[in-house]
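Visitor: Our numbering puts the first residue of the sequence shown at 5, with every later residue one more than the last.
Where is the CB? At the ideal position from N, CA and C, for every residue including glycine.
Have a look at this one.
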Amino acid sequence: MIRIYNTLSRTKEDFVPLEEGKVRMYVCGPTVYNFIHIGNARPMIVFDTVRRYLEHKGYDVNFVSNFTDVDDKIIRKANEEGVSAEEISQRYIEECKKDMEGMNIKPATTHPLATQEIDGMIDMIAQLIDKGYAYPVNGTVYYRTRKFHDYGKLSHKNLDDLEGGKRSLLVSGEDEKEDPLDFVLWKPKKDGEPYWESPWGQGRPGWHIECSVMSKKYLGEQIDIHGGGEDLVFPHHENEIAQSEACCGKVFSKYWMHNAFLNIDNRKMSKSLGNFFTVREVSEKYDLQVLRFFMLNAHYRSPLNFSAELMESSKSALERIQTAVDNLKYIGEHASAQEMTEEETLKAEEAKKFEEDFDASMDDDFNTADAIAAVFDLVKYANTNASESSSREFASTLCGMIQGLCDVLGLITEKKEILLDAEVEHLIQERQEARKAKNFARADEIRALLLEKGIILEDTREGVKWKRA
5 MIRIYNTLSR TKEDFVPLEE GKVRMYVCGP TVYNFIHIGN ARPMIVFDTV
55 RRYLEHKGYD VNFVSNFTDV DDKIIRKANE EGVSAEEISQ RYIEECKKDM
105 EGMNIKPATT HPLATQEIDG MIDMIAQLID KGYAYPVNGT VYYRTRKFHD
155 YGKLSHKNLD DLEGGKRSLL VSGEDEKEDP LDFVLWKPKK DGEPYWESPW
205 GQGRPGWHIE CSVMSKKYLG EQIDIHGGGE DLVFPHHENE IAQSEACCGK
255 VFSKYWMHNA FLNIDNRKMS KSLGNFFTVR EVSEKYDLQV LRFFMLNAHY
305 RSPLNFSAEL MESSKSALER IQTAVDNLKY IGEHASAQEM TEEETLKAEE
355 AKKFEEDFDA SMDDDFNTAD AIAAVFDLVK YANTNASESS SREFASTLCG
405 MIQGLCDVLG LITEKKEILL DAEVEHLIQE RQEARKAKNF ARADEIRALL
455 LEKGIILEDT REGVKWKRA
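This is the structure in structure tokens:
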């Protein structure tokens, strides 16, 4: 039985899906105005792994994760570049998908875009107005927070305490609200911003309504698991509950899962501190499988500290697994005996305890740190018990076990050669020297080699420029 820590109850609960054998799961995706950063990567990796484990246990998982493609940050970036908000969002959706592929994150069953679901948002807002949970004022539509009696049940916040912290709003130009705690469902257009027609005038939706609508459309009025970073508990997920449950009159999500923050060298990641890293920047130094391993080497609810030392440690650890798999493949390919001996059959049976340990760890609120420890126990067992005198079947069985567990974690066991920046620069220098020596064959050979490794060269007047494909 899988047990999940539910933010709603603050306890671990047995996982019982709404429909036997099926899981409906929604995870808040990124706002696409730039390359995703490693903070964005943590929930992506965490909930991809949760999904993989549920599928490993035989569940049919309908996994929905959106792209927020209309937002103040997207509009600001579009205005800076003098292009449309749609051009910015489409560009960075494609870049995000490249990074996700590098981290071996499976595409969602559906990746809805907020801008393609505006009609549904207008419809839900209208229903909330009809039911008395929302009200329009001068082109803005607000949600009546106090009317929803369960408000605060996810974040465990008290409305009176919240009001004490928001009194400043009363003098900030937002006094058109009935209550300072009311939040925006629809906002009127501003000059230079994208907008849509609505019964309340031209404008665009508030952020919170987007996920309620997309979840309802692609998963139904009730879902099993809603996930995201802990920074979304309040107000985003709290507001989603208020909107969805007021609209549908049903419990929105049975289980709420939230991953903890990621720090950089024990400090909060921020651009002002200069410790802000994109996934793309990390990929220039490490295979993104190393980043995935690093993320999974801690429990998802534990704060995680990113540092060069920990990434190097993760790189070495992942290589140990990959080397063990390589060795077992080599033994299998060169084995003289095909079938397992009686002793090997007993050893293969004994190795199953590591698979059981793995499942026990994952059943306990997806404890990937302990699950990885079980993988290393299996690696050690394989290294100790498989040798050049082993049968092909025995080596293949152990190899399949390791690969199977790694696949559940989304870890690729085949070694991939990745060229680091310094190696690229060295090859470019060698190519330049070959061209000077009129050794064009070697120069072309180096260019082809770099292209094969995903490095594109551009010869310019200022010299050779390069980028990763």
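Where are the alpha helix (DSSP H) runs, 4 residues long or more, that stay fully inside the segment 178 to 239, in chain order?
Guide: Entirely contained in the segment 178 to 239, the alpha helix (DSSP H) runs reaching 4 residues are, in chain order, 211 to 223.
Visitor: By a C-beta neighbour count over all protein chains shown, 10 Å radius and 16 as the cutoff for buried, is L4 buried or exposed?
Guide: Residue numbering for the chain in the displayed model covers 5 to 473; residue 4 lies beyond these limits and cannot be assessed.
Visitor: What residues in its chain sit with their C-beta under 6 Å from that of A377, if we drop five residues either side in the sequence?
Guide: One-based indexing of the sequence shown puts residue 377 at position 373. Same-chain partners within the cutoff: there are none.
Visitor: What does a CB cutoff of less than 7 Å around A312 pick up in its chain, not counting 5 residues either side in sequence?
Guide: Translated into the one-based positions of the sequence shown, residue 312 becomes position 308. The answer is none, since no qualifying residue turns up.
Visitor: Among residues of its own chain, excluding the 5 on either side of R284, which ones have a beta-carbon nearer than 7 Å to its beta-carbon?
Guide: As a first step, residue 284 must be located in the sequence shown, where it is residue number 280. Closer than 7 Å at Cβ, skipping near neighbours: F39 and D103.
Visitor: Going straight from the alpha carbon of E201 to that of A321, what length do you get?
Guide: Locating residue 201 in the sequence shown gives position 197, where the first residue counts as 1. Locating residue 321 in the sequence shown gives position 317, where the first residue counts as 1. Those two C-alpha atoms are separated by around 54 Å.
Visitor: If I109 and D64 are in contact, beta carbons under 8 Å, what's the gap, nearest whole angstrom?
Guide: The residue given as residue 109 occupies position 105 in the sequence shown. The residue given as residue 64 occupies position 60 in the sequence shown. In fact, because the Cβ distance is near 19 Å, the residues do not count as touching under 8 Å.
Visitor: For F297, which of H212, H240, P116 and G414 has the nearest alpha-carbon?
Guide: Along the sequence shown, read from residue 1 onward, the residue named residue 297 stands at position 293. Of H212, H240, P116 and G414, the residue nearest in Cα terms is G414.
Visitor: Taking the continuous alpha helix (DSSP H) assigned at Y334, which residues delimit it?
Guide: For the purposes of this step, residue 334 is identified with residue 330 of the sequence shown, where counting begins at 1. First-last of the alpha helix (DSSP H) with Y334: A312 to H338.
Visitor: Between which two residues does the alpha helix (DSSP H) harbouring L461 extend?
Guide: Translated into the one-based positions of the sequence shown, residue 461 becomes position 457. Here L461 belongs to no alpha helix (DSSP H); instead the beta strand (DSSP E) covers I459 to T464.
Visitor: Under a three-way DSSP split, which group does G43 fall into?
Guide: The count along the sequence shown starts at 1 and reaches residue 43 at position 39. G43 falls in the helix class under three-state DSSP.
Visitor: In the segment 373 to 451, which residue ranges form an unbroken alpha helix (DSSP H) of at least 4 residues, counting only runs that do not cross its ends?
Guide: For the segment 373 to 451, whole alpha helix (DSSP H) runs of length 4 or above, ordered along the chain, are 396 to 413 and 425 to 440.
Visitor: In this structure, how does DSSP classify E17 when only helix, strand and coil are distinguished?
Guide: Here residue 17 refers to the residue found at position 13 when the sequence shown is read from its first residue. Note: E17 maps to strand in three-state DSSP.
Visitor: Thinking just about the alpha-carbon of each residue, which of T144, D269, E24 and P116 is nearest to the one in I126?
Guide: Residue mapping note: residue 126 aligns to position 122 of the sequence shown, counting from 1. Residue T144 is the option with its Cα nearest to I126.
Visitor: Among R305, V87 and E427, which one has its Cα closest to the Cα of N10?
Guide: For the purposes of this step, residue 10 is taken as residue 6 along the sequence shown, with counting starting at 1. N10 has its Cα closest to that of R305, out of R305, V87 and E427.
Visitor: Y259 lies in the beta strand (DSSP E); which residues open and close that run?
Guide: Counting from one through the sequence shown, the residue named residue 259 turns up at place 255. Here the beta strand (DSSP E) through Y259 covers S257 to N263.
Visitor: Hey, could you find the ends of the beta strand (DSSP E) G29 is sitting in?
Guide: Here residue 29 refers to the residue found at position 25 when the sequence shown is read from its first residue. One detail in the question is off: residue 29 reads as Met in this sequence, not Gly. M29 -> beta strand (DSSP E) spans K26 to V31.
Visitor: Should the segment 212 to 221 be regarded as contacting the segment 76 to 87, the criterion being three or more beta carbon pairs within less than 8 Å?
Guide: They do not touch, by the three-pair rule.
Visitor: Quick one: what's got a C-beta closer than 8 Å to R171's C-beta in the same chain, skipping five residues either side?
Guide: One-based indexing of the sequence shown puts residue 171 at position 167. Residue placement at R171 is poorly supported in this model, since its pLDDT is 46, which falls under 50; the coordinates still yield a value, given next. Closer than 8 Å at the Cβ level, and outside the excluded window around R171, lie P184.
Visitor: CB M299 to CB R56, shorter than 8 Å?
Guide: The residue given as residue 299 occupies position 295 in the sequence shown. The residue given as residue 56 occupies position 52 in the sequence shown. No, Cβ-Cβ distance for M299 and R56 is not below 8 Å.
Visitor: When you compare the CB positions of P34 and F71, do they come within less than 8 Å of one another, or not?
Guide: Here residue 34 is taken as the residue at index 30 of the sequence shown, counted from 1. Here residue 71 is taken as the residue at index 67 of the sequence shown, counted from 1. Result yes, Cβ atoms of P34 and F71 sit closer than 8 Å.
Visitor: In this structure, does DSSP put F280 in helix, strand or coil?
Guide: Sequence index remark: in the sequence shown, residue 280 carries index 276 (1-based). Looking at F280 - three-state DSSP - the assignment turns out to be coil, as it is neither helix nor strand.
Visitor: Using only the alpha-carbon positions, how far apart do H262 and T282 sit?
Guide: The residue labelled residue 262 in the question sits at position 258 within the sequence shown. The residue labelled residue 282 in the question sits at position 278 within the sequence shown. Rounded to the nearest angstrom, the two C-alpha atoms are 21 Å apart.
Visitor: Cα-Cα, which of K384, V329, N387 and F398 is closest to E346?
Guide: In the sequence shown, residue 346 corresponds to position 342, counting from 1. If we check each option's Cα against that of E346, F398 comes out closest.
Visitor: Among all the DSSP beta bridges, which residues are the ones paired with L455?
Guide: Counting from one through the sequence shown, the residue named residue 455 turns up at place 451. In the DSSP output, where bridge partners are listed per residue, L455 has none listed.
Visitor: Mark I227 as exposed unless 16 or more other C-beta atoms lie within 10 angstroms of its C-beta, in which case mark it buried.
Guide: Locating residue 227 in the sequence shown gives position 223, counting from the first residue. When all chains shown are included, I227 counts as buried.
Visitor: So, helix, strand or coil for N162, using DSSP?
Guide: Along the sequence shown, read from residue 1 onward, the residue named residue 162 stands at position 158. The answer is coil: DSSP assigns N162 none of H, G, I, E or B.
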